[in-house]
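Residue numbers (my numbering), protein chains in the order written: chain A, 1 to 114; chain B, 115 to 226.
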C-alpha cells in the first residue's frame, strides 16, 4: 500500500518570490514519483517525474523537485514564480515494478499574487 | 503528442438518468483510468482497464460501471445518476512501462 501527503492545501505567494510545495509519501516498495499541474478548467498534465538516476529533476518551466529517500519526500520548488504558475499541483507515486496504479495527493493550490 | 479526449466538457443530468461519459486516446495505450475529482479530496480512482474487455475496480466503484470494447475507448456509465455524483470526471491513459498518466480535459457533471 502507498499513500501521499501534500502538507499544504493552499500556498499564496507574491510574484517573483520562491516557493516550495511539499510532498511526503509512504510505500512498502520502490516507487516512481510525479508532479502534475492542473490549470483552471483543464485536465492534469505532467510537470516532472523521478524514475531513477539523479535525485534532482527539472521541468522546462523552471520547477525542480528532489527525491529524498531517507525523508520519503519529493518537494517541488521554484526560485521565482510567475502569475501564470497559478494552478493546482498534485504529487503522485506509483510502484516501480508490477502494478502501475498511481496514488495521488489531495493537491496544493498555488496562488501567485501580483 | 498523446491526445486524450472526453466526449463532453460540461454535462447536466437529472437524478435517475443513465449517463455515459466517453474517453478516447490516440496512442495505443494499454491502460485507461477513470477518476473523479472533488475539492479537498484530490483524485479518486473509480475504475481502470489494462486491456480490451478487462476492468478492475478502483477505490470508489459504487454507483458506476465501465466498458472497454476497443483499445482506444473507455466509457464510464452512471446507471442511475444521483446528486452525490456531481463532480469533475477525469479520464487518463498510460503505457505500463512509463507509468506517466495522460489526462483528458475533464467532464464537469452536474446532477440535479
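Ideal Cβ positions, reconstructed from N, Cα and C, are used throughout, including at glycine.
For residue 21/A, the enclosing beta strand (DSSP E) stretches over residues 19-21.
Between residue 208/B and residue 100/A, the C-beta spacing is below 8 angstroms. The continuous beta strand (DSSP E) containing residue 187/B extends over residues 187-192.
Using a Cβ-Cβ cut-off of 8 angstroms, residue 44/A counts as an interface residue toward chain B, since at least one Cβ of chain B sits closer than that to its own. For a cut-off of 8 angstroms, the C-beta gap from residue 47/A to residue 35/A is around 4 angstroms, short enough to register as a contact. Less than 8 angstroms separates the beta-carbon of residue 223/B from that of residue 201/B. Residue environment for residue 40/A: exposed (fewer than 16 other C-beta atoms within 10 angstroms of its C-beta).
For residue 106/A, the chain B residues whose C-beta falls within less than 8 angstroms of its own C-beta are 154, 155, 156, listed in chain order. Residues of the same chain with a CB within less than 6 angstroms of the CB of residue 55/A, apart from the 5 flanking positions on each side, are 66, 67 in chain order. A Cβ-Cβ separation of about 7 angstroms places residue 90/A in contact with residue 156/B under the 8 angstroms criterion. When 24/A, 33/A, 63/A are compared, the shortest CA-CA separation from residue 97/A is found for 33/A. The C-beta distance from residue 31/A to residue 2/A rounds to 7 angstroms, short enough to meet the 8 angstroms contact threshold. With the criterion set as a beta carbon lying under 9 angstroms from some beta carbon of chain B, the members of the segment 27-57 of chain A are 32, 34, 36, 38, 41, 42, 43, 44, 45, 46, 49, 51, in sequence order. 8 angstroms or more divides the Cβ of residue 134/B from the Cβ of residue 163/B.
The C-alpha of residue 193/B is placed about 30 angstroms away from the C-alpha of residue 92/A. Closest in alpha carbon position to residue 149/B, among 130/B, 122/B, 174/B, 129/B, is 174/B.
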